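> This is the structure, below, for whatever I ask next.
Residue numbers (our numbering): 1 to 151.
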């Protein structure tokens, strides 16, 4: 138990600056834009991870079906995160052996994203087009160009 706590403490201590920057940027972007995803804010299109935060929140508040609706690949990411935490903090071993699981999860995420872009976009949250994106601000005709080409 002591080794587990020490490993967690050392990882936090070693990564405090990047973790603080990520948390700070996430907070500011959420307050200012009501969105966090850089892809959505830049071009308006959802990214493969869109809906993941809502999916985890729904899952942890005991709404697994709603979580699956937000991002169907969340169970794989949950298994991956638990595996990483167990391997790193409980066992204290290298994460190299988890590479196949991470690759499988990433490929499944991309495959499901493509399916969602074909069959779900742009009619259901979180797979919608965000009109107040940077490209629309820089190029006013961008929003009209994209909007006329999506369902």
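Even for Gly, the Cβ is constructed at its ideal location relative to N, Cα and C.
Every value quoted in this text rests on a predicted model; they were computed, and no experiment measured them.
1. Could you check which residue in 104, 33, 49 and 18 has the C-alpha nearest to that of residue 134?
2. Could you tell me the alpha carbon to alpha carbon distance between residue 54 and residue 71, rounded to whole angstroms?
3. Within 8 angstroms, do at least three Cβ pairs link the region 98 to 115 to the region 76 to 84?
4. Can you check the region 99 to 134 for any alpha helix (DSSP H) of at least 4 residues that lies completely inside it and give the ranges in chain order?
5. State yes or no: is the C-beta of residue 73 within less than 7 angstroms of the C-beta of residue 30?
6. Just to confirm the assignment, what range does the alpha helix (DSSP H) spanning residue 83 have?
7. Taking 7 angstroms as the threshold (C-beta atoms), are residue 146 and residue 122 in contact?
8. Any idea if residue 40 is buried or exposed, counting beta-carbon neighbours within 10 angstroms, 16 or more meaning buried?
9. Thinking just about the alpha-carbon of each residue, which of 115, 10, 96 and 42 is nearest to the one in residue 129?
10. Distance check for residue 10 and residue 92, CA to CA, integer angstroms please.
11. Return the first residue and the last residue of the alpha helix (DSSP H) that residue 31 is part of.
With the structure as the only source:
1. 33
2. 8 angstroms
3. yes
4. 99 to 119
5. no
6. 74 to 85
7. no
8. buried
9. 42
10. Cα to Cα, the separation comes out at about 12 angstroms.
11. 16 to 33
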